[in-house]
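4 protein chains.
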Amino acid sequence: MRAWRVEERFGLDGLRLVELPDPTPGPGELLLRVRAVSLNYRDLMMVEGRYNPRQRLPLVPCSDGAGEVVAVGEGVAGWRVGDRACPIFAPGWLAGAPDRERLRATLGGPLDGTLRELMTVPAESVVRAPSHLDDVEAATLPCAAVTAWSALVRQGAVRAGQSVLVLGTGGVALFALQIARLHGARVLVTSSSDEKLARARALGAAEGINYRDEPAWGKRARELAGEGVDHVVEVGGAGTLAQSMRAARPGGTIHLIGVLASGEAPLSIVPVFMSQLRVQGVLVGPRDAFEELVAAFELHAVRPVVDRVFAFEEAPAAFARLAAGAHFGKVCVRVG
Amino acid sequence: MRAWRVEERFGLDGLRLVELPDPTPGPGELLLRVRAVSLNYRDLMMVEGRYNPRQRLPLVPCSDGAGEVVAVGEGVAGWRVGDRACPIFAPGWLAGAPDRERLRATLGGPLDGTLRELMTVPAESVVRAPSHLDDVEAATLPCAAVTAWSALVRQGAVRAGQSVLVLGTGGVALFALQIARLHGARVLVTSSSDEKLARARALGAAEGINYRDEPAWGKRARELAGEGVDHVVEVGGAGTLAQSMRAARPGGTIHLIGVLASGEAPLSIVPVFMSQLRVQGVLVGPRDAFEELVAAFELHAVRPVVDRVFAFEEAPAAFARLAAGAHFGKVCVRVG
Amino acid sequence: MRAWRVEERFGLDGLRLVELPDPTPGPGELLLRVRAVSLNYRDLMMVEGRYNPRQRLPLVPCSDGAGEVVAVGEGVAGWRVGDRACPIFAPGWLAGAPDRERLRATLGGPLDGTLRELMTVPAESVVRAPSHLDDVEAATLPCAAVTAWSALVRQGAVRAGQSVLVLGTGGVALFALQIARLHGARVLVTSSSDEKLARARALGAAEGINYRDEPAWGKRARELAGEGVDHVVEVGGAGTLAQSMRAARPGGTIHLIGVLASGEAPLSIVPVFMSQLRVQGVLVGPRDAFEELVAAFELHAVRPVVDRVFAFEEAPAAFARLAAGAHFGKVCVRVG
Amino acid sequence: MRAWRVEERFGLDGLRLVELPDPTPGPGELLLRVRAVSLNYRDLMMVEGRYNPRQRLPLVPCSDGAGEVVAVGEGVAGWRVGDRACPIFAPGWLAGAPDRERLRATLGGPLDGTLRELMTVPAESVVRAPSHLDDVEAATLPCAAVTAWSALVRQGAVRAGQSVLVLGTGGVALFALQIARLHGARVLVTSSSDEKLARARALGAAEGINYRDEPAWGKRARELAGEGVDHVVEVGGAGTLAQSMRAARPGGTIHLIGVLASGEAPLSIVPVFMSQLRVQGVLVGPRDAFEELVAAFELHAVRPVVDRVFAFEEAPAAFARLAAGAHFGKVCVRVG
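Residue numbers (numbering that gives the first Met the number 0), protein chains in the order written: chain A, 0 to 335; chain B, 0 to 335; chain C, 0 to 335; chain D, 0 to 335.
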């Protein structure tokens with residue numbers, strides 16, 4: 000089988016399309032023929048060596064994908080050849096709180112990821128792909144959509160009538176928009192592009208804020224929401240956190256997701272206790288959060304927003320598209 | 000009646016002992032003869048003009064106190080002359096989530112506070128003083144103890160077998176120690192003084208970490224707690240937050256309370272989402288949190304740790320004691 | 000002013016239209032000109048003397064209503080003559096957990112209720128009427144809608160993709176349907192009338208079960224929901240509880256609301272622990288739950304389902320309509 | 000190896016000590032040499048054929064036990080020969096909400112249980128035995144203690160100052176007493192024996208109520224707790240539930256555990272919604288609840304209360320002891 004790997008050195012130009020032996024499933028495992036992969040910003044950082052300085056090479060990148068079961072290992076019940084499945088981000092994290100061990104063993108680094116034609120996965124660590132989605136759409140869910148679900152639904156218990164500020168129009172951001180809308184919340188979106196804001200409104204956002212026109216977008220969001228927003232889906236990182244705090248209502252939550260800005264930033268923590276804010280880190284989530292998401296998306300036939308689909312051979316171009324930052328929704332790769 | 004007030008300019012030397020007309024309770028109000036007051040770091044900052052640049056003068060400082068009901072306004076049920084009561088920090092915040100209006104109208108700034116002989120309070124905004132405590136002890140509860148309770152019990156749901164890292168040995172810190180112990184948690188305390196650590200151990204702390212001997216105290220706390228601590232009671236602010244994050248286990252909570260370091264600090268937010276941390280701001284809490292605390296303290300006859308009691312006339316010396324930072328527990332003033 | 004009162008003996012024929020002195024608002028109170036009232040089954044039981052055997056007479060019945068502020072008492076901020084407001088069911092229960100005192104002092108028994116032309120209320124115990132609703136529609140909210148909100152949103156944290164079984168098509172039931180739909184849940188409704196089921200489907204129900212055709216409707220609901228439903232909105236009481244338990248999934252919640260069947264019933268509790276069910280009693284809720292509801296209903300322009308509106312003079316006929324059980328949605332009375 | 004089995008017909012006299020082939024661990028499994036077993040009332044009902052009419056025979060009874068790892072299957076990490084472990088009640092239920100499949104596959108019926116010399120278990124479905132407990136003590140934990148933990152800590156979030164009413168002095172009841180005390184709650188216990196009440200007080204109960212002397216023990220408990228108790232640990236079932244409801248405060252929780260009275264009982268549900276009670280079924284809990292319990296018990300060196308220990312050959316006498324109802328704490332069997 001073929002796989003993309005970062006072979007000897009980090010960087011997009013370190014990606015190589017290599018031929019590897021076909022894997023076989025051990026006891027309790029499934030063999031998946033990967034059909035599609037979706038890119039996250041974390042994958043880009045991983046390839047460039049910026050995510051984890053201790054990551055070893057070679058590495059098959061990417062953690063989001065969808066595939067077809069082509070072989071079933073010994074002792075596996077409930078799965079058959081031909082079933083469509085998505086591997087979960089942190090194999091073995093099925094439910095409950097995370098522990099260090101789980102959070103350290105994730106697809107696309109340090110473990111080999113989804114950007115290959117065949118992969119084995121523990122049967123307990125996959126989720127049935129939603130029936131209403133094609134392979135590319137299903138491939139967008141395991142990290143990006145589950146992260147938005149964990150934040151807003153599990154940790155935030157978002158409810159109808161609340162307001163949610165979503166930063167930007169990337170993958171997690173648009174899933175957050177869709178999930179907030181499913182629960183009857185009012186969504187505000189920021190972007191530097193009026194055209195992207197128009198597309199976000201078409202997806203159900205109530206308000207768009209162009210942060211080039213409104214440098215004080217945090218204050219603006221707060222005003223638009225009366226006392227401030229109930230939730231901020233913060234994917235920007237250190238550079239935007241101060242304004243996100245300004246946008247939040249007393250007792251509001253800032254869901255901290257982003258890896259866009261990994262550096263340090265001068266930060267005043269006074270607003271956190273003065274307004275009793277919650278800053279809640281989110282790192283994807285366990286299998287049962289994914290299953291909840293699938294049930295909701297199937298019921299409402301929610302379709303992920305796919306920005307562009309690249310052929311397997313063009314995977315480096317997909318990373319470049321993500322790096323350029325001009326995308327709206329998910330950048331994907333069709334595999335097999 | 001007499002009152003201490005910041006009269007014309009901020010600063011400890013701006014405090015004046017003044018004579019004011021005796022207040023009378025309106026409908027729905029109680030008149031309290033203040034018996035004792037307890038100081039918080041916020042009070043010191045308020046007097047020095049560092050807490051809120053827009054605070055108007057004159058201002059009677061302090062938000063913690065206990066008194067005796069000496070008159071009952073029209074329409075008040077359930078209170079009688081002679082009852083002992085503590086006013087709550089944010090009058091009108093009885094239960095539920097805070098709103099901006101409540102958080103902006105708090106005792107000791109912007110509203111006149113407790114450092115006076117007589118004060119009127121809405122009857123709904125006081126709590127019965129615990130029967131086992133004297134006036135000075137009861138005066139320590141409204142902010143410092145309620146803050147620790149809101150953090151660990153209400154927002155943290157601390158439980159037996161968890162580990163709690165408490166920074167320092169000030170008022171909130173020692174209440175956090177006592178409250179964590181009441182719930183069966185294991186408590187780690189930091190201090191720069193071995194003698195204070197010994198006293199903290201006598202109060203039930205399992206471990207003391209002298210941060211002068213252990214500059215990497217965050218890492219040390221994490222090791223002492225296996226996977227990391229479940230809760231950090233963070234009163235230090237920007238200067239200690241990075242180490243607090245290091246101490247926390249994945250999914251752990253950092254209860255952010257402090258006003259010691261109000262400045263900005265370079266902060267890396269990566270650990271927040273990498274370890275799925277919760278950074279939870281705490282600003283005291285509503286009346287019903289205070290009532291829960293009183294029930295628990297009465298049941299277990301918990302006594303606050305009083306550092307030193309000053310006479311009413313010596314109030315500025317009490318502030319100076321707090322400013323010096325050598326205290327262990329609460330600095331108090333006896334009023335009437 | 001005029002008022003309907005149960006004068007000397009219980010029963011619909013004990014209702015009298017009487018002339019009473021106009022009330023005036025005390026300090027902290029508002030005077031409302033009641034514009035519309037909505038009936039709950041509890042009101043009927045109260046009038047018939049079946050709700051509380053110790054209820055004293057005379058009694059102005061009804062707890063749901065909407066009115067206009069016509070006078071503002073001393074010391075009241077935030078309200079002006081002309082504002083439209085709904086009194087809350089349990090005056091003084093603003094937020095947090097209920098206590099016995101609050102639950103014992105509720106409108107329409109033991110306290111005089113809303114079925115009169117003028118009433119005084121504590122300013123803290125009213126909620127602004129939603130701007131998109133007329134007086135009759137607003138009058139349906141304080142008990143029926145807040146009960147459904149407290150159950151599904153506050154205690155149940157209903158989320159998208161979950162399934163909710165709603166018993167019947169009365170007031171609480173249809174609000175539960177609307178609220179569940181706002182949060183993206185799938186709703187199943189029971190009724191004995193295919194025509195009512197068709198109307199429930201028009202309001203967004205996914206499935207209707209005619210319990211005359213399907214005596215084992217609990218089992219049917221469970222099958223329709225796969226593993227069983229996540230929530231049952233149980234308004235039928237003892238007669239239906241066994242089937243509600245059969246409908247629920249392991250770990251599911253039965254929100255127990257009904258007073259339709261106040262008698263005892265033979266009940267097997269084995270399913271409660273075998274399936275780890277939660278049976279959660281709901282008695283309306285505090286003011287802040289009402290405010291959350293108003294925000295959600297305004298955002299989505301949700302309109303209550305009004306069955307029929309009677310003139311003030313016809314109030315007994317309104318009670319008779321409710322007693323007959325043929326209504327769909329709320330039975331209302333226009334007052335002034 | 001030897002095992003006790005219900006061979007051909009239900010009943011204590013259907014128990015046979017049989018010789019079976021030694022099992023060998025498959026991939027992912029551990030082989031345990033069972034050292035001790037503890038009996039639950041469910042085990043007795045199972046043996047007598049009263050728990051599940053469709054249970055097939057033969058059946059090795061009992062779900063609580065502790066053993067030593069004597070062989071480690073292929074692919075198992077983290078366990079070594081000589082480690083001491085307790086199997087969990089519902090293999091595969093590791094965290095999160097239960098599902099039907101998990102709740103249907105439990106030890107001691109329908110699956111073979113712990114009353115045998117050797118057993119294989121999935122490595123993921125065991126928990127390390129607390130280091131401070133001997134084998135017999137460790138054997139009491141998996142059902143009885145985890146049930147009390149799930150109820151009070153996980154579902155009830157019991158906190159200091161709350162009151163907990165515990166019915167009786169059986170296994171779950173005494174664990175509930177110990178766990179409530181660990182969290183600073185005040186415990187009331189009922190019994191028909193003054194001697195048992197004295198022993199409960201020695202374990203930390205604040206009040207004992209002899210229900211022979213106080214037939215209205217529910218009302219008595221409510222008075223002793225002011226507004227009523229916050230939690231009832233209800234193990235009695237239908238016969239006691241009405242009084243448990245009377246004991247509870249508004250908003251209180253009745254943790255429904257018991258299988259003592261599996262029959263139906265006439266039950267009035269009015270108090271459930273009038274006092275906004277929660278009746279919460281509890282069926283043991285997942286592995287991570289067990290792990291939390293172990294951490295708490297180790298920290299505080301909590302020792303289970305062992306009523307009597309029988310030799311393996313005397314297992315039927317142990318069942319008879321349990322059936323007689325005179326025990327205080329856990330009835331155990333030493334195995335190897």
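Glycine is no exception: its CB is placed at the ideal position from the N, C-alpha and C atoms.
Task: For C/Gly167, the three-state DSSP class (helix, strand or coil) - done: Taking the third sequence and counting its residues from 1, the one referred to as residue 167 of chain C is at position 168. For C/Gly167, the three-state secondary structure derived from DSSP is coil.
TODO: Taking C-beta pairs closer than 9 Å, name the residues in chain A that D/Pro26 reaches, listed in chain order.
DONE: In the fourth sequence, counting from the first residue as 1, residue 26 of chain D sits at position 27. Residues of chain A passing the Cβ test: Gly25, Pro26, Gly27, Glu73, Gly74.
Task: Range of the contiguous beta strand (DSSP E) that encloses C/Ser124 - done: Here residue 124 of chain C refers to the residue found at position 125 of the third sequence. Taken as a continuous stretch (DSSP letters only), C/Ser124 belongs to no beta strand (DSSP E), as it is neither H nor E.
TODO: Anything in the region 292-325 of chain B with a Cβ closer than 7 Å to a Cβ of chain D? List those residues in chain order, please.
DONE: Those would be Ala294, Ala295, Leu298, His299, in chain order.
- [ ] Note down, in chain order, all residues in the region 101-126 of chain D with a beta-carbon under 7 Å from any beta-carbon belonging to chain B.
- [x] Answer in chain order: no residues at all.
- [ ] Measure from the alpha carbon of C/Pro90 to the alpha carbon of each residue in C/Thr105, C/Gly66, C/Trp78, C/Ala84, then state which is nearest.
- [x] As a working note, residue 90 of chain C is residue 91 in the third sequence. Out of C/Thr105, C/Gly66, C/Trp78, C/Ala84, C/Thr105 has the C-alpha closest to the C-alpha of C/Pro90.
- [ ] Can you pull the chain B residues whose beta carbon is under 7 Å from the beta carbon of D/Leu140, in chain order?
- [x] Locating residue 140 of chain D in the fourth sequence gives position 141, counting from the first residue. Those do not exist, as D/Leu140 stays about 14 Å from chain B at its closest Cβ, beyond 7 Å.
TODO: Give the C-beta separation of C/Asn209 and C/Asp229 to the nearest angstrom, bearing in mind that I take them to be a contact with Cβ-Cβ under 8 Å.
DONE: Residue mapping note: residue 209 of chain C aligns to position 210 of the third sequence, counting from 1. Residue mapping note: residue 229 of chain C aligns to position 230 of the third sequence, counting from 1. At roughly 22 Å, the Cβ-Cβ gap does not stay under 8 Å, so C/Asn209 and C/Asp229 are not in contact.
TODO: Give every residue of the same chain whose Cβ lies closer than 8 Å to the Cβ of C/Ala343, excluding the five residues on either side of it in the sequence, and list them in chain order.
DONE: Limits of chain C in this structure are 0 at one end and 335 at the other, which puts residue 343 of chain C out of reach.
TODO: Sort A/Leu29, A/Gln154, A/Cys85 by Cα distance to A/Thr252 and report the nearest one.
DONE: One-based indexing of the first sequence puts residue 252 of chain A at position 253. Of A/Leu29, A/Gln154, A/Cys85, the residue nearest in Cα terms is A/Gln154.
Task: B/Ser243 in three-state terms, based on DSSP - done: In the second sequence, residue 243 of chain B corresponds to position 244, counting from 1. DSSP places B/Ser243 in helix when its eight states are reduced to three.
Task: CB contact below 8 Å: B/Leu164 versus chain D - done: For the purposes of this step, residue 164 of chain B is taken as residue 165 along the second sequence, with counting starting at 1. Not one chain D Cβ lies under 8 Å of B/Leu164.
TODO: Please name the residue, chosen from C/Gln161, C/Thr146, C/Pro57, that lies closest to C/Asp111 on a Cα-to-Cα basis.
DONE: For this step, residue 111 of chain C is matched to residue 112 along the third sequence. C/Asp111 has its Cα closest to that of C/Pro57, out of C/Gln161, C/Thr146, C/Pro57.
Open item on the list: Taking 8 Å as the threshold (beta carbon to beta carbon), is C/Leu276 in contact with chain A?
Closed with: Reading the third sequence from its first residue, position 277 is the one you call residue 276 of chain C. Judged by the 8 Å Cβ criterion, C/Leu276 is not in contact with chain A.
Open item on the list: Tell me which residue opens and which closes the alpha helix (DSSP H) that A/Leu321 is part of.
Closed with: Translated into the one-based positions of the first sequence, residue 321 of chain A becomes position 322. A/Leu321 -> alpha helix (DSSP H) spans 314-323.
Open item on the list: Tell me the DSSP secondary structure of B/Arg200 in three-state form.
Closed with: Position 201 of the second sequence, counted from the first residue, corresponds to residue 200 of chain B. Look at B/Arg200 here: in three-state DSSP terms it is helix.
Open item on the list: Using CA atoms only, rank isn't needed, just tell me which of A/Ser274, A/Leu292, A/Arg15 is closest to B/Ala284.
Closed with: On the second sequence, residue 284 of chain B is found 285 positions in, with the first residue counted as 1. For the sequence presented, residue 284 of chain B should be read as Gly rather than Ala. Of the candidates A/Ser274, A/Leu292, A/Arg15, the residue whose Cα lies closest to the Cα of B/Gly284 is A/Ser274.
Task: For B/Arg221, three-class secondary structure by DSSP - done: To locate residue 221 of chain B, count along the second sequence from 1; it is residue 222. It is helical.
- [ ] Could you name the residues of chain B that C/Ala94 contacts, counting a contact when the two beta carbons are closer than 7 Å?
- [x] Mapped onto the third sequence, residue 94 of chain C falls at position 95. In chain order: Leu93, Ala94, Gly95.
Open item on the list: Just to confirm my understanding: we take D/Thr189, look at its own chain, exclude 5 residues before and 5 after, and list those with CB closer than 6 Å. What are they?
Closed with: As a working mapping, residue 189 of chain D is identified with position 190 in the fourth sequence. So the list reads Leu166, Ile208, Tyr210, Trp216, once near-sequence residues are dropped.
- [ ] Give me the Cα-Cα distance between C/Gly235 and D/Val269, rounded to the nearest whole angstrom.
- [x] Here residue 235 of chain C is taken as the residue at index 236 of the third sequence, counted from 1. Here residue 269 of chain D is taken as the residue at index 270 of the fourth sequence, counted from 1. So the two alpha carbons sit approximately 12 Å from each other.
Open item on the list: Suppose you measure from the CA of D/Phe88 to the CA of C/Leu140; what does that come to, to the nearest Å?
Closed with: Working through the fourth sequence from its first residue, we reach residue 88 of chain D at position 89. Working through the third sequence from its first residue, we reach residue 140 of chain C at position 141. Approximately 46 Å between the Cα atoms of the pair.
TODO: Inspect the CB distances between the region 29-43 of chain A and the region 96-103 of chain A and report whether three or more fall short of 8 Å.
DONE: With the cut-off at 8 Å, the region 29-43 of chain A and the region 96-103 of chain A do not touch.
Task: CB of A/Arg115 within 8 Å of CB of A/Ala35, strictly - done: Within the first sequence, numbered from 1, the residue matching residue 115 of chain A stands at position 116. Within the first sequence, numbered from 1, the residue matching residue 35 of chain A stands at position 36. No; because the gap between Cβ atoms is not below 8 Å, this pair is not in contact.
- [ ] Would you kindly report the start and end of the unbroken alpha helix (DSSP H) that includes D/Leu292?
- [x] Taking the first residue of the fourth sequence as 1, we reach residue 292 of chain D at position 293. Going by DSSP, D/Leu292 is part of the alpha helix (DSSP H) stretching over 286-299.
TODO: Have a look at D/Ala204 and D/Ala172 and give me their C-alpha separation to the nearest angstrom.
DONE: Mapped onto the fourth sequence, residue 204 of chain D falls at position 205. Mapped onto the fourth sequence, residue 172 of chain D falls at position 173. Distance between the alpha carbons of D/Ala204 and D/Ala172: 11 Å.
- [ ] Consider the Cβ of D/Ala159: report whether some Cβ of chain B lies at a distance smaller than 8 Å.
- [x] Taking the first residue of the fourth sequence as position 1, residue 159 of chain D is located at position 160. Cβ-Cβ to chain B under 8 Å: yes for D/Ala159.
Open item on the list: If I measure Cβ to Cβ from B/Asp42 and keep anything under 6 Å in the same chain, skipping five residues before and after, which residues do I get?
Closed with: Residue mapping note: residue 42 of chain B aligns to position 43 of the second sequence, counting from 1. Only Pro60, Cys61, Gly107 meet the Cβ criterion.
Open item on the list: If you reduce the DSSP assignment to three classes, tell me which class B/Asp306 lands in.
Closed with: Taking the second sequence and counting its residues from 1, one reaches residue 306 of chain B at position 307. In the structure shown, B/Asp306 sits in a strand (DSSP, three-state: E or B).
Open item on the list: Is it the case that the region 73-87 of chain D contacts the region 115-127 of chain D, given that we only count it when at least three CB pairs across the two stretches are under 8 Å?
Closed with: With the cut-off at 8 Å, the region 115-127 of chain D and the region 73-87 of chain D touch.
Open item on the list: Buried or exposed for B/Thr113, going by 16 or more other Cβ atoms inside 10 Å?
Closed with: Mapped onto the second sequence, residue 113 of chain B falls at position 114. Counting Cβ neighbours within 10 Å, B/Thr113 comes out buried, since at least 16 surround it.
Open item on the list: Using a Cβ-Cβ cutoff of less than 7 Å, which residues in the same chain neighbour B/Glu136 once the five nearest sequence positions on both sides are dropped?
Closed with: Locating residue 136 of chain B in the second sequence gives position 137, counting from the first residue. Within the same chain, Cβ atoms closer than 7 Å to the Cβ of B/Glu136 are found at Arg302, Pro303, Val305, the five residues on either side in sequence being excluded.
TODO: Taking C-beta pairs closer than 8 Å, name the residues in chain D that C/Met273 reaches, listed in chain order.
DONE: For the purposes of this step, residue 273 of chain C is identified with residue 274 of the third sequence, where counting begins at 1. Within chain D, the residues near C/Met273 are Leu102, Gly280, Leu282.
Task: Minimum length 3: unbroken beta strand (DSSP E) runs contained in the region 81-151 of chain A - done: Here the runs fully enclosed are 83-86, 117-121, 125-127.
- [ ] Could you have a look at A/Pro249 and say whether DSSP puts it in helix, strand or coil?
- [x] On the first sequence, residue 249 of chain A is found 250 positions in, with the first residue counted as 1. When DSSP states are grouped into helix, strand and coil, A/Pro249 belongs to the strand group.
Task: Cβ pair count under 8 Å reaching 3, the region 73-82 of chain A against the region 49-56 of chain A - done: As far as the Cβ criterion goes, the region 73-82 of chain A does not touch the region 49-56 of chain A, which means the pair count is below three.
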